[in-house]
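Novice:
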Amino acid sequence: MEGRYEVDSASSSSSRFHFSEHNKWLEAQDSLKKNLVTEDNYTWKLGETEEEESNGGELLKYIGGVDISFLKDDPSAACGTLVVLDFATLDVVYEDSLIVSIDVPYVPGFLAFREAPIFLELLKKMQDCCHPFYPQLLMIDGNGILHPRGFGSACHLGVLANLPTIGIGKNLHHVDGLTNSRVKELVEAEENFNVDAIPLIGDSGNTLGAAIHSSKGSFKPIFVSVGHRVSLASAVEIVKRTCKYRVPEPIRQADIRSRDYLRRHH
DNA sequence: GCGACAG
DNA sequence: ATCTTGTCGC
Numbered sequence: 005m006e007g008r009y010e011v012d013s014a015s016s017s018s019s020r021f022h023f024s025e026h027n028k029w030l031e032a033q034d035s036l037k038k039n040l041v042t043e044d045n046y047t048w049k050l051g052e053t054e055e056e057e058s059n060g061g062e063l064l065k066y067i068g069g070v071d072i073s074f075l076k077d078d079p080s081a082a083c084g085t086l087v088v089l090d091f092a093t094l095d096v097v098y099e100d101s102l103i104v105s106i107d108v109p110y111v112p113g114f115l116a117f118r119e120a121p122i123f124l125e126l127l128k129k130m131q132d133c134c135h136p137f138y139p140q141l142l143m144i145d146g147n148g149i150l151h152p153r154g155f156g157s158a159c160h161l162g163v164l165a166n167l168p169t170i171g172i173g174k175n176l177h178h179v180d181g182l183t184n185s186r187v188k189e190l191v192e193a194e195e196n197f198n199v200d201a202i203p204l205i206g207d208s209g210n211t212l213g214a215a216i217h218s219s220k221g222s223f224k225p226i227f228v229s230v231g232h233r234v235s236l237a238s239a240v241e242i243v244k245r246t247c248k249y250r251v252p253e254p255i256r257q258a259d260i261r262s263r264d265y266l267r268r269h270h
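Note that the working numbering has the first sequence beginning at 5, numbered continuously upward.
1) Quick check for students: name the residue ranges of the beta strand (DSSP E) that lie wholly in the segment 69 to 133, counting only runs of 3 or more.
2) If you run the structure through DSSP and keep just helix, strand and coil, what is Asp145?
3) Which residues bound the alpha helix (DSSP H) around His269?
4) Could you check how far apart the C-beta atoms of Ser105 and Ala81 are, in whole angstroms? I think they sit under 8 Å.
5) If Leu89 and Val234 are in contact, beta carbons under 8 Å, what's the gap, nearest whole angstrom?
6) Is DSSP giving Val230 helix, strand or coil here?
7) On a CA-only basis, which of Asn45, Trp48, Gly68 is nearest Pro254? Give me that one, please.
8) Going by DSSP, which residues form a beta bridge with Gly213?
9) Rounded to whole angstroms, what's the CA-CA distance from Ser262 to Glu43? Just pull it up for me.
10) Taking Gly171 as part of the beta strand (DSSP E), name the residues at either end of that continuous run.
11) Count the other CB atoms within 10 Å of the CB of His270; is the residue buried (16 or more) or exposed (fewer)?
12) Determine which residues share a DSSP beta bridge with Tyr66 and list them.
13) In the DSSP assignment, find the unbroken alpha helix (DSSP H) run with His26 in it and report its ends.
14) Taking buried to mean at least 16 other C-beta atoms within 10 Å of its own C-beta, is Phe155 buried or exposed?
15) If I follow the unbroken alpha helix (DSSP H) through Lys244, where does it start and stop?
16) With a 10 Å radius around its C-beta and 16 neighbouring C-beta atoms as the bar for buried, classify Cys247 as buried or exposed.
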């Protein structure tokens with residue numbers, strides 16, 4: 005018998021998370037990871053050059069963002085929001101929110117098990133009615149491969165929805181020797197003086213993501229990592245083009261609107 | 001043993 | 001993630 009955990013009755017919320025659940029989640033991540041694609045795998049172009057725009061290929065136009073808000077009291081009451089923006093204008097062209105009750109705890113390294121189900125439901129609603137603005141790519145507030153097992157919530161959602169995804173972290177998830185102080189060193193290193201996307205290379209030698217200073221007023225970087233079916237280079241390019249402020253617009257709009265919706269409907 | 005730990 | 005106003009500065 006592995007992990008008998010329930011004996012430990014003295015501790016509180018965190019011990020509600022039993023070893024058996026932990027193992028199930030590890031196995032699920034391991035299994036889903038087999039379908040992960042970490043290179044560009046889509047047909048559209050970004051439209052960065054006039055040539056591409058006049059060439060008549062399909063362009064990236066609809067870019068989605070998702071976020072969840074919670075209430076202080078009643079921590080199970082949550083609002084998930086999906087927005088779709090026009091990549092060229094950054095206008096919000098679609099918005100949908102859902103109030104749900106979430107009983108899955110937040111456990112570092114397993115964010116997707118808490119948040120992904122509501123995002124999949126929001127996406128399914130769009131798909132079921134063949135909505136013309138269904139996103140070609142999705143940004144998630146949470147990491148992609150910048151994760152203890154290389155499979156953060158952006159990867160998880162990307163694989164389940166079969167959509168290209170990009171992970172956006174507002175704080176660093178310490179992994180593979182990448183700590184706040186180590187990243188600070190990298191950011192301040194002389195060779196990175198004029199570099200706007202600093203590669204995050206862990207102790208393993210793998211590049212797990214990039215730190216970027218999105219808006220001019222912010223010294224605090226955001227952390228971009230590959231979710232699914234997008235290369236890091238493309239992810240960085242797309243994120244930079246959607247940043248009016250520190251947090252890219254798809255995430256920022258989803259965040260604002262989910263918070264508003266929860267306030268107005270509770 | 002202690003600290004760290006996306007949202 | 002959440003509670004929370006003004007305020008200092010470009």
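Where a beta carbon is used, it is the ideal one built from N, C-alpha and C, also for glycine.
Specialist: Inspection of the coordinates gives the following:
1) You should have 81 to 90, 96 to 105.
2) strand
3) Here His269 belongs to no alpha helix (DSSP H), and DSSP marks it neither H nor E.
4) Contact holds; Cβ gap of about 6 Å.
5) Not a contact, Cβ separation roughly 16 Å.
6) strand
7) Gly68
8) Leu204
9) So the two alpha carbons sit approximately 31 Å from each other.
10) Counting along the chain, the beta strand (DSSP E) containing Gly171 begins and ends at 169 to 173.
11) Here His270 is exposed, its C-beta having fewer than 16 other C-beta atoms within 10 Å.
12) Asp90
13) 23 to 37
14) buried
15) Counting along the chain, Lys244 sits inside the alpha helix (DSSP H) bounded by residues 236 to 245.
16) Around the CB of Cys247, 16 or more other CB atoms lie within 10 Å, so the residue is classed as buried.
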